[in-house]
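First residue of the sequence shown? That's 16 in our numbering, and the numbers climb one at a time after it.
For glycine and all other residues, C-beta sits at the position ideal for the given N, C-alpha and C.
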Amino acid sequence: MTGQWGRGKTWATRVVGLAALLALMACAPQIRNHGYVPTDEDLAAIKVGVDTRDSVASAVGRPSAQALLSDTGWYYVRSTYRTIGPREPKEIDRQVVAISFSDTGVLENVERFGLEKGRVVVLSRRVTETNIKGVSALRQIFSNFGRFNASDFIRQ
Numbered sequence: 016m017t018g019q020w021g022r023g024k025t026w027a028t029r030v031v032g033l034a035a036l037l038a039l040m041a042c043a044p045q046i047r048n049h050g051y052v053p054t055d056e057d058l059a060a061i062k063v064g065v066d067t068r069d070s071v072a073s074a075v076g077r078p079s080a081q082a083l084l085s086d087t088g089w090y091y092v093r094s095t096y097r098t099i100g101p102r103e104p105k106e107i108d109r110q111v112v113a114i115s116f117s118d119t120g121v122l123e124n125v126e127r128f129g130l131e132k133g134r135v136v137v138l139s140r141r142v143t144e145t146n147i148k149g150v151s152a153l154r155q156i157f158s159n160f161g162r163f164n165a166s167d168f169i170r171q
C-alpha cells in the first residue's frame, strides 16, 4: 500500500509543478509589433531632391497613411505593444517616418520620429528646406499614444 501512495504522490507533485510552470509562462510579457516603418538602410537608398513618389514607392513601399488634403506626405507608423498575463495591452513605443514631396512629386523631406518619456522627438531628419510640412498630422498620430480600445486587438 505504501508503494502505491508514493506513486500517486509523485504524480500529483508533477501535475502541480506543471500547473505552476504554465501559470508562470502565462504571465510572461508578450511583445507585438503593429504597422510598418522602413529601415534606415531602405531610407538611405532614396535621395532627397532626386527621387519621386514612384521611385520611393519601389524602394520602401507605399504607406498605410497619406496626407489627407493633398498627396504631399506619406506616413509610415509602427507601434509596439506589451501584454502581461490577463492585463490589457500597453503601447510602449511608436515610430513614425514622414516622407514629404513637393507639388511636382519630388522627394523633399525624410524624417523619423519617436517617443521619449511621452514626448515626440526627432530621431533623424533629411530635408531640403527648414519648413516642416505635416506637423499637425504627426501630432494626431502621436496624440493617440497609449489610447486604444482592447477590441482593436481581437480578430473577428
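**Nearest neighbour of Pro101, chosen from Ile61, Cys42, Ala35 [CA to CA]** = For the purposes of this step, residue 101 is identified with residue 86 of the sequence shown, where counting begins at 1. Comparing Cα positions, the closest option is Cys42.
**Request:** Per DSSP, which residues does Trp26 bridge with? Please list them.
**Result:** Within the sequence shown, residue 26 is the residue found at index 11, counting from 1. Trp26 pairs with nothing; no bridge assigned.
**Prompt:** Does DSSP classify Ser70 as helix, strand or coil?
**Reply:** Along the sequence shown, read from residue 1 onward, the residue named residue 70 stands at position 55. If DSSP states are grouped into helix, strand and coil, Ser70 belongs with the helices.
**Item:** Where Gly120 sits in the DSSP three-state scheme
**Value:** Counted from its first residue, the sequence shown places residue 120 at position 105. In this structure, Gly120 counts as coil in the three-state DSSP scheme.
**Request:** Assign Glu103 to one of three DSSP states: helix, strand, or coil.
**Result:** Within the sequence shown, the letter at position 88 stands for residue 103. Glu103: coil per DSSP, three-state reduction.
**Val71 vs Val92 beta-carbon contact at 8 Å** = Position 56 of the sequence shown, counted from the start, is the residue given in the question as residue 71. Position 77 of the sequence shown, counted from the start, is the residue given in the question as residue 92. No, the pair does not count as a contact, with Cβ atoms beyond the cut-off.
**Asked** So, Gly120 versus Arg47, is the Cβ gap smaller than 8 Å?
**Response** Here residue 120 refers to the residue found at position 105 of the sequence shown. Here residue 47 refers to the residue found at position 32 of the sequence shown. Result no, Cβ atoms of Gly120 and Arg47 do not sit closer than 8 Å.
**Prompt:** Going by alpha carbons, who is nearest to Glu126 out of Trp89, Gly32, Asp66, Thr95?
**Reply:** By one-based count along the sequence shown, residue 126 stands at place 111. Taking only the C-alpha atoms, the option nearest Glu126 is Trp89.
**Item:** Distance, Pro104 Cα to Ile114 Cα
**Value:** As a position in the sequence shown, residue 114 is number 99, starting the count at 1. As a position in the sequence shown, residue 104 is number 89, starting the count at 1. When rounded, the distance between both Cα atoms is 29 Å.
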